[in-house]
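Working notes, beginning with the structure itself.
Protein chains: 4
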Amino acid sequence: MKWNTAISKHEEGALSIRGVSHASLMQEHSFSEAAFLLLSGHLPSSDERAVFDAMLVSSIEHGVEAPSAFSARVSASVGNPLHIATAAGILATGDHHGGAIEAAADYFKKGTSAKEVLDAGAKYPGFGHKLYKDLDPRAQLLLSIAEKHGFAREYVTHARAVETELRELGKPLPLNIDGALAALMLELGLSPRLGKALFVFARMPGIIAHSLEEVENEKPYRRISDTDVTYTGP
Amino acid sequence: MKWNTAISKHEEGALSIRGVSHASLMQEHSFSEAAFLLLSGHLPSSDERAVFDAMLVSSIEHGVEAPSAFSARVSASVGNPLHIATAAGILATGDHHGGAIEAAADYFKKGTSAKEVLDAGAKYPGFGHKLYKDLDPRAQLLLSIAEKHGFAREYVTHARAVETELRELGKPLPLNIDGALAALMLELGLSPRLGKALFVFARMPGIIAHSLEEVENEKPYRRISDTDVTYTGP
Amino acid sequence: MKWNTAISKHEEGALSIRGVSHASLMQEHSFSEAAFLLLSGHLPSSDERAVFDAMLVSSIEHGVEAPSAFSARVSASVGNPLHIATAAGILATGDHHGGAIEAAADYFKKGTSAKEVLDAGAKYPGFGHKLYKDLDPRAQLLLSIAEKHGFAREYVTHARAVETELRELGKPLPLNIDGALAALMLELGLSPRLGKALFVFARMPGIIAHSLEEVENEKPYRRISDTDVTYTGP
Amino acid sequence: MKWNTAISKHEEGALSIRGVSHASLMQEHSFSEAAFLLLSGHLPSSDERAVFDAMLVSSIEHGVEAPSAFSARVSASVGNPLHIATAAGILATGDHHGGAIEAAADYFKKGTSAKEVLDAGAKYPGFGHKLYKDLDPRAQLLLSIAEKHGFAREYVTHARAVETELRELGKPLPLNIDGALAALMLELGLSPRLGKALFVFARMPGIIAHSLEEVENEKPYRRISDTDVTYTGP
Numbered sequence: 005m006k007w008n009t010a011i012s013k014h015e016e017g018a019l020s021i022r023g024v025s026h027a028s029l030m031q032e033h034s035f036s037e038a039a040f041l042l043l044s045g046h047l048p049s050s051d052e053r054a055v056f057d058a059m060l061v062s063s064i065e066h067g068v069e070a071p072s073a074f075s076a077r078v079s080a081s082v083g084n085p086l087h088i089a090t091a092a093g094i095l096a097t098g099d100h101h102g103g104a105i106e107a108a109a110d111y112f113k114k115g116t117s118a119k120e121v122l123d124a125g126a127k128y129p130g131f132g133h134k135l136y137k138d139l140d141p142r143a144q145l146l147l148s149i150a151e152k153h154g155f156a157r158e159y160v161t162h163a164r165a166v167e168t169e170l171r172e173l174g175k176p177l178p179l180n181i182d183g184a185l186a187a188l189m190l191e192l193g194l195s196p197r198l199g200k201a202l203f204v205f206a207r208m209p210g211i212i213a214h215s216l217e218e219v220e221n222e223k224p225y226r227r228i229s230d231t232d233v234t235y236t237g238p
Numbered sequence: 005m006k007w008n009t010a011i012s013k014h015e016e017g018a019l020s021i022r023g024v025s026h027a028s029l030m031q032e033h034s035f036s037e038a039a040f041l042l043l044s045g046h047l048p049s050s051d052e053r054a055v056f057d058a059m060l061v062s063s064i065e066h067g068v069e070a071p072s073a074f075s076a077r078v079s080a081s082v083g084n085p086l087h088i089a090t091a092a093g094i095l096a097t098g099d100h101h102g103g104a105i106e107a108a109a110d111y112f113k114k115g116t117s118a119k120e121v122l123d124a125g126a127k128y129p130g131f132g133h134k135l136y137k138d139l140d141p142r143a144q145l146l147l148s149i150a151e152k153h154g155f156a157r158e159y160v161t162h163a164r165a166v167e168t169e170l171r172e173l174g175k176p177l178p179l180n181i182d183g184a185l186a187a188l189m190l191e192l193g194l195s196p197r198l199g200k201a202l203f204v205f206a207r208m209p210g211i212i213a214h215s216l217e218e219v220e221n222e223k224p225y226r227r228i229s230d231t232d233v234t235y236t237g238p
Numbered sequence: 005m006k007w008n009t010a011i012s013k014h015e016e017g018a019l020s021i022r023g024v025s026h027a028s029l030m031q032e033h034s035f036s037e038a039a040f041l042l043l044s045g046h047l048p049s050s051d052e053r054a055v056f057d058a059m060l061v062s063s064i065e066h067g068v069e070a071p072s073a074f075s076a077r078v079s080a081s082v083g084n085p086l087h088i089a090t091a092a093g094i095l096a097t098g099d100h101h102g103g104a105i106e107a108a109a110d111y112f113k114k115g116t117s118a119k120e121v122l123d124a125g126a127k128y129p130g131f132g133h134k135l136y137k138d139l140d141p142r143a144q145l146l147l148s149i150a151e152k153h154g155f156a157r158e159y160v161t162h163a164r165a166v167e168t169e170l171r172e173l174g175k176p177l178p179l180n181i182d183g184a185l186a187a188l189m190l191e192l193g194l195s196p197r198l199g200k201a202l203f204v205f206a207r208m209p210g211i212i213a214h215s216l217e218e219v220e221n222e223k224p225y226r227r228i229s230d231t232d233v234t235y236t237g238p
Numbered sequence: 005m006k007w008n009t010a011i012s013k014h015e016e017g018a019l020s021i022r023g024v025s026h027a028s029l030m031q032e033h034s035f036s037e038a039a040f041l042l043l044s045g046h047l048p049s050s051d052e053r054a055v056f057d058a059m060l061v062s063s064i065e066h067g068v069e070a071p072s073a074f075s076a077r078v079s080a081s082v083g084n085p086l087h088i089a090t091a092a093g094i095l096a097t098g099d100h101h102g103g104a105i106e107a108a109a110d111y112f113k114k115g116t117s118a119k120e121v122l123d124a125g126a127k128y129p130g131f132g133h134k135l136y137k138d139l140d141p142r143a144q145l146l147l148s149i150a151e152k153h154g155f156a157r158e159y160v161t162h163a164r165a166v167e168t169e170l171r172e173l174g175k176p177l178p179l180n181i182d183g184a185l186a187a188l189m190l191e192l193g194l195s196p197r198l199g200k201a202l203f204v205f206a207r208m209p210g211i212i213a214h215s216l217e218e219v220e221n222e223k224p225y226r227r228i229s230d231t232d233v234t235y236t237g238p
């Protein structure tokens, strides 16, 4: 197995990342700036950094009710170390939890309209939310921050147009956090393929906090109560 | 299953995290600040933030050679989505890759000396590195940043004393990045139990960048070459 | 969260699985018979059992070169317990390693011809192998066992017809183990969706054996050699 | 990275496992026999096979209430493929769910008495069960099968002695399934280190059946109900 990589280089004991000295990254840049460098290939402008930070903070935590949070707690609860619990949290994200970002980004990139999607009998990814029926406040706030920093451009405009179109077509579904993140990923020039990975990165602090709270405060071994189970078999 | 949590609260459609409104976090705080809030329970001072950022950036990437990087690439290479590849990268961290942080933090917290550990026939976790024999430059830089911000106190002093003691005992092993992170975790008041989880969080951007590079540039299905395998059986 | 399940029932301290007493399963049935019961809903006939056993044994191990084997070893090598290493092995299976079973089963179920697939510019899943160019011996043997037990019927016939068709179309690719498993899954009435899960179940003994061998015989921390890495960046 | 392995060999297109031709394994041996070969290094006698089968069947499924079952369902529920869901199920096993096997095997191997463990303020692993207070029926049945096949020897005798001793010491805890599996692993000459890995292998059919049931019968996205959450923070 041979490996080609443009990500980092060891040379005479010194590491550079995307051509930038690791030492200078540690001294002069924040974690989100260094993360942006790794994912995009260049250090962010201050506007890019502000939008990227807001994107990450928007997804950082959403309650123990989220599958990623309670699954991590369950893994910690049965006796696994916390890094394993975070992996368990990640395996509880997917197409229906953080996963609409990639699908929405694909549509936004192609400029797909709501009508096209509904005519095909599908749902437009990135719109609608279990809790927020009219308006996803995290999505709205995210877009207002992006506007302030000059990043509500082509893709945000398209996302808002789809939201309007859905209402006119009798399917009023708010742009949700996945949809807003998808539009902003494209505005920042990040690969649409990063969708789910970016979400799990952003959610990691919440997942870790839940895992730690579980092992510090709770007795081991989370088990479903018998009263929540109905047997439907032979 | 009932859940108690002090991490976040949904109230009338608004989310607060550790008592701070999520909306204000998104507008006024960076990702690492919000992460610090989740993990410690309070927003960081600007010195705490600087040290925490440097800690995270210190571990953000260390080459495709690291087990966490190439294992994530292998998972992506066989056709898994990127969020799954990041989980695979995490399962390739552990006691011997990022894992000395917790063990070192436990010793530092108790003020354990090098002599005690060597007398017991063990190695002092957080000292020594495969690549760096004399001095781990990432560790040194991290401590100098901590000093600048007033965070080289009790635990950093102890870590440096152990380094000196090891040299005097004829086992010259430099404080490594795990050891430096352990000391600084304690200086910042973070739980020693966070060691491995904090490492995987910090390494996530590198892991994601490697997974993306693999799927964008390489043909699928990483397989070990037959020439690297020796059969030793019957 | 409420759960409905037809899989097993606890009643007065006794467990039944798919309506069969667990105690009688333990006394009267082999592991593969009980596994078949869980996956299909009924106990196998002796012919079904023979084919199912051969399917599982066919995929049980394929060398340390396979991503699932060496990834599990790497996870064990960095200090994780063996059950975590097996999960790491599973995250190194996917569409390109064990994953063609589901895709092939979908095509076989619809009776899709080779011409249709090639005309669409695609590859027919379940045909071709990196090592075996003319004939996949595991696939051939599996089908001969199935024939002996009366299970080379509708789907096996179709799979063989596709193999012939591919040769005639100038794309001579042998039915591989994934394709043979796909055909036999359908013959046994198992859900095509089980493809990848069935593969990881079958491969588990090999994955575990590799993980154990790693921790018993090797020094910790598998790292890629610098000589296998080429830097292609700025 | 160089790899040494005694597990399997490719030679002139043919695979052998532990020195046995893969083709003959497929034709003449059951899945559990081939699994035993991989894990122990030799094919089982018919008595060994019977005990090994019973061990595996004893742990094959224990209801949706078990963390490994519902965590796999949650991973499938958020949109991951089934092989990923099985990995999620595995990350929800650990020291407190399947994990006592290794700890018990370590004690049994050393002949540790109940008094020694209780005097040290610890619990003897492999004894006691949340559901079964007096007697773990799966453990009892397993031992009776082992007896019938001549495998209730040194380690089973010790396990039963510990059970009696615990009762006499006023801590009446039944030998549980983990304890029985630990004793039988040792009787069969398997490595104690296999404990958790053997458990996840045995439980895999149950985990897969639950994952499949979830995606076939339930709507996506399992989320904890707000009514099951109590906020305890600032």
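Protein chains in written order, with my numbering: chain Y, 5 to 238; chain E, 5 to 238; chain A, 5 to 238; chain D, 5 to 238. Heads up, the beta-carbon is just placed ideally off N, CA and C, and yes, glycines get one too.
About 6 angstroms separates the beta carbon of residue 192 (chain A) from that of residue 55 (chain A), a gap short enough to meet the 8 angstroms contact definition. Contact between the segment 19-37 of chain E and the segment 58-65 of chain Y is present, with at least three C-beta pairs closer than 8 angstroms.
Scanning the segment 153-206 of chain Y from its first residue to its last, the whole alpha helix (DSSP H) runs of 4-plus residues come out as 158-172 and 181-191. Taking residue 43 (chain Y) as the centre and dropping the five residues before and after it, the same chain places the C-beta of 194 and 198 closer than 7 angstroms to its C-beta, in chain order. Taking a beta-carbon distance threshold of 9 angstroms, residue 179 (chain D) does not count as an interface residue toward chain A. Straight-line spacing of the CA atoms in residue 137 (chain A) and residue 184 (chain A) works out to 16 angstroms.
In the structure shown, residue 15 (chain E) falls within a strand segment according to DSSP collapsed to helix, strand and coil. 9 angstroms or more divides the Cβ of residue 28 (chain Y) from the Cβ of residue 207 (chain Y).
When only Cα atoms are considered, residue 166 (chain Y) and residue 210 (chain E) end up about 34 angstroms apart. For residue 233 (chain E), the enclosing beta strand (DSSP E) covers residues 233-235. By the rule that beta-carbons nearer than 9 angstroms mark a contact, residue 9 (chain E) touches chain Y. The beta-carbon separation of residue 237 (chain Y) and residue 23 (chain A), rounded to 6 angstroms, stays under the 8 angstroms limit for a contact. Within the model, the alpha-carbon separation for residue 104 (chain D) versus residue 131 (chain Y) is close to 46 angstroms.
For residue 131 (chain E), the beta-bridge partners assigned by DSSP are E:179. Taking a cut-off of 8 angstroms on C-beta distances, the segment 108-119 of chain E does not touch the segment 122-131 of chain A, as fewer than three cross pairs fall below it. In the displayed model, residue 24 (chain A) falls within a strand according to three-state DSSP.
The alpha helix (DSSP H) runs of length 4 or more contained entirely in the segment 81-148 of chain E are, from start to end of the chain, 86-95, 104-114 and 118-123. Listed along chain E are 11, 12, 21 and 42, each with a C-beta nearer than 7 angstroms to that of residue 65 (chain Y). Neighbours of residue 77 (chain Y) in chain D, taken as residues at a C-beta separation under 9 angstroms, are lacking, since the least C-beta distance is about 10 angstroms. Take the alpha-carbon of residue 86 (chain E) and the one of residue 156 (chain D): they are about 48 angstroms apart. Against residue 103 (chain E), the close residues of chain A are 82 and 83, in the order they occur along the chain (beta-carbon pairs closer than 8 angstroms).
Counting along the chain, residue 60 (chain E) sits inside the alpha helix (DSSP H) bounded by residues 50-62. The beta carbon of residue 76 (chain D) sits closer than 7 angstroms to the beta carbons of 89, 90, 92, 93, 211, 214 and 215 from its chain, once the five residues preceding and following it are set aside; these are given in chain order.
Inclusion of residue 7 (chain E) and residue 232 (chain D) in the CB contact set at 9 angstroms is warranted, their separation being smaller than that value.
Scanning chain Y for C-beta atoms nearer than 7 angstroms to the C-beta of residue 123 (chain E) yields nothing, as the closest lies near 28 angstroms away.
Not one beta carbon of chain D lies nearer than 9 angstroms to the beta carbon of residue 90 (chain E). Residue burial is scored here from C-beta neighbours: residue 9 (chain A) has at least 16 other C-beta atoms within 10 angstroms and is therefore classed as buried. The alpha-carbon separation between residue 222 (chain E) and residue 48 (chain A) amounts to approximately 43 angstroms. A residue is called buried when at least 16 other Cβ atoms come within 10 angstroms of its Cβ; residue 148 (chain Y) does not meet this threshold and is exposed. For residue 36 (chain E), the residues of chain Y that pass the 7 angstroms Cβ criterion are 34, 35 and 36, in the order they occur in the chain.
Within chain E, the residues 81, 82, 83, 224 and 225 have their CB atoms less than 8 angstroms from the CB of residue 100 (chain A), given in chain order. In the assembly as shown, residue 50 (chain E) is an exposed residue. Its beta-carbon has fewer than 16 other beta-carbons within 10 Å. Excluding residues up to 5 positions away in sequence, 169 and 173 lie with their Cβ nearer than 8 angstroms to the Cβ of residue 119 (chain A) in the same chain. Contact between residue 65 (chain Y) and residue 11 (chain E) is confirmed by a C-beta separation of about 7 angstroms, below the 8 angstroms threshold. Contact annotation: residue 187 (chain E) and residue 80 (chain E) have beta-carbon atoms that are not nearer than 9 angstroms.
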